[in-house]
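Student: Numbering of the first sequence is given in my numbering, commencing with residue 6 and proceeding in unit increments.
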Amino acid sequence: MSRKIPCIVLLGPTGAGKTRAALHLARNLPGEVVNFDSRQVYRDFPLITAQPTPEERAVCPHWLYGFLDTEEKLTAGGHVRKCHPVISAIQARGKTPILVGGTGLYLKALLQGLAEVPPVPQEVTLRLEQDLQRVGLAAMHERLQQADPELAARIHPNDKQRTLRGLEVYEATGKPLSWFHGKQEIHSDYHALLLGVQAALPALEPLLAKRIELMLEAGALEEARTAYARCQDPDAPGWTGIGCAELLAFLQGRLSLEEAKALWFRNTRAYAKRQLTWFRKTPDVSWFPHDDPLLPEKMFEQARSFLDGL
RNA sequence: GCCGAGGUAGCUCAGUCGGUAGAGCAGGGGACUGAAAAUCCCCGUGUCGGCAGUUCAAUUCUGUCCCUCGGCA
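(1) Alpha helix (DSSP H) containing S291: first to last residue?
(2) Report the rounded CA-to-CA distance for L28 versus E121, giving the unit in angstroms.
(3) Once DSSP output is grouped into helix, strand and coil, what is the label at G187?
(4) In the DSSP assignment, find the unbroken alpha helix (DSSP H) run with C249 in it and report its ends.
(5) Does the distance from the C-beta atom of V14 to that of L112 stay below 8 Å?
(6) What's the gap between the Cα of D296 and the Cα of A21?
(7) Report yes or no: do three or more beta-carbon pairs, one from the stretch 163-175 and one from the stretch 95-112, lie closer than 8 Å?
(8) Answer with buried or exposed for G258, where buried requires no fewer than 16 other C-beta atoms within 10 angstroms of its C-beta.
(9) Reducing DSSP to helix, strand and coil, say where I92 ends up.
(10) Going by CA-CA distance only, name the one from V91, I160, R32, M145 that's closest to E176.
(11) Here's the rule I'm using: 16 or more other beta-carbon atoms within 10 Å means buried, otherwise exposed. How should G187 be labelled?
(12) If the criterion is Cβ atoms closer than 8 Å, does the pair L252 and L268 meet it?
(13) Only counting the same chain, and skipping five residues up and downstream in sequence, which positions put a Cβ closer than 8 Å to that of A149?
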């Protein structure tokens, strides 16, 4: 019907069991797994970010896991650019790409594309950060109102991140970010079947708490120590992940282990909640209850008929 | 036992020169186009420790009791 690449997407909140289902699909379709999680890309935190284990990775090729240094930053656009060749290559090998992850923006960017905004030079970003320190966020938002009224109307004056993003695009290109958004054509290189692992927050809680204990037993603290030996900057992108930040605070004596664990749990839980909010409005997802023991088989069945029907 | 400081939202605390109270965090809901495990928005009735007294009116002043934390014994 089209030249779009067929692929299976596995989405859902953290800790709901996406990996298990992904491996079943990979074995039987057969397929290869591609990550769309913004944190599982960090090399120094395989355990804390819950990347697939070496045993799990042995089942089939896994892509875009654990390749980034702690100091490095990945962006939605950067991730999409890395994904395209990986997915094409999987198709060329006659396998089915299985996209697995929890970062809603990355998935959206992958499936719908992003506006084609030229890269912003770092000095522009740095200068705006300095301006912010000098004049305050309210003044920066007013500046955005001049530069890009349409965008400013959509961005809350307290939203530092989006206000600065709007300004940096304007400063770097001379055009409003909303202009780039407006001229973007929504198109997709992929024909995707979206399979969601569904889990309500109360059901997820005990699983998330348990997972933290398991991570610590498996050596999460040692992982953090080793990472700390390589990178001491607590503001480095890799350290800002949930679990990483709390363990770092413990290693630096800012929190007791009990406090760190409690905070780690709360942050994980809040994150899962945000994921649920995001994925809830994602269209065309087939949802499967996370506690169904036959979840992998049922997902496989649906994936099979999706692929056969093309 | 004595002296001091406290007992206010699930937690940490602010406040009311007497007119029944509000922040942060937690929690709930939501947004989301290159930092997204990020960033941000909306949602606050709680015997203001108990009892008594003064007062038109007490969470606020007074007395007393209970509890917590320091210090001295």
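Glycine included, C-beta positions come from ideal geometry on N, C-alpha and C.
Tutor: The relevant details are as follows:
(1) Here residue 291 refers to the residue found at position 286 of the first sequence. Here S291 belongs to no alpha helix (DSSP H); instead the beta strand (DSSP E) covers 290-294.
(2) Here residue 28 corresponds to residue number 23 of the first sequence, with the count starting at 1. Here residue 121 corresponds to residue number 116 of the first sequence, with the count starting at 1. Put simply, the backbone Cα of L28 is about 34 Å away from that of E121.
(3) By 1-based counting over the first sequence, the position of residue 187 is 182. DSSP places G187 in helix when its eight states are reduced to three.
(4) Counting from one through the first sequence, the residue named residue 249 turns up at place 244. First-last of the alpha helix (DSSP H) with C249: 249-256.
(5) Working through the first sequence from its first residue, we reach residue 14 at position 9. Working through the first sequence from its first residue, we reach residue 112 at position 107. The Cβ atoms of V14 and L112 lie closer than 8 Å to each other.
(6) As a working mapping, residue 296 is identified with position 291 in the first sequence. As a working mapping, residue 21 is identified with position 16 in the first sequence. One C-alpha to the other measures close to 9 Å.
(7) Output reads no: the stretch 95-112 does not touch the stretch 163-175.
(8) Numbered from its first residue, the first sequence carries residue 258 at position 253. Exposed: under 16 other Cβ atoms inside 10 Å.
(9) Numbered from 1 along the first sequence, position 87 holds the residue referred to as residue 92. Of the three classes helix, strand and coil, the one that applies to I92 here is helix, per DSSP.
(10) Indexing the first sequence from 1 puts residue 176 at position 171. Closest in C-alpha terms to E176, from the list V91, I160, R32, M145, comes M145.
(11) Within the first sequence, numbered from 1, the residue matching residue 187 stands at position 182. By the neighbour-count rule (16 or more Cβ atoms within 10 Å), G187 is not buried but exposed.
(12) Position 247 of the first sequence holds residue 252. Position 263 of the first sequence holds residue 268. It is not a contact, given that the beta carbons lie outside the stated cut-off.
(13) Indexing the first sequence from 1 puts residue 149 at position 144. Note on residue identity: the sequence assigns Leu, not Ala, to residue 149. So the qualifying residues of the chain are L156, A157, I160, T168, G171, L172, Y175.
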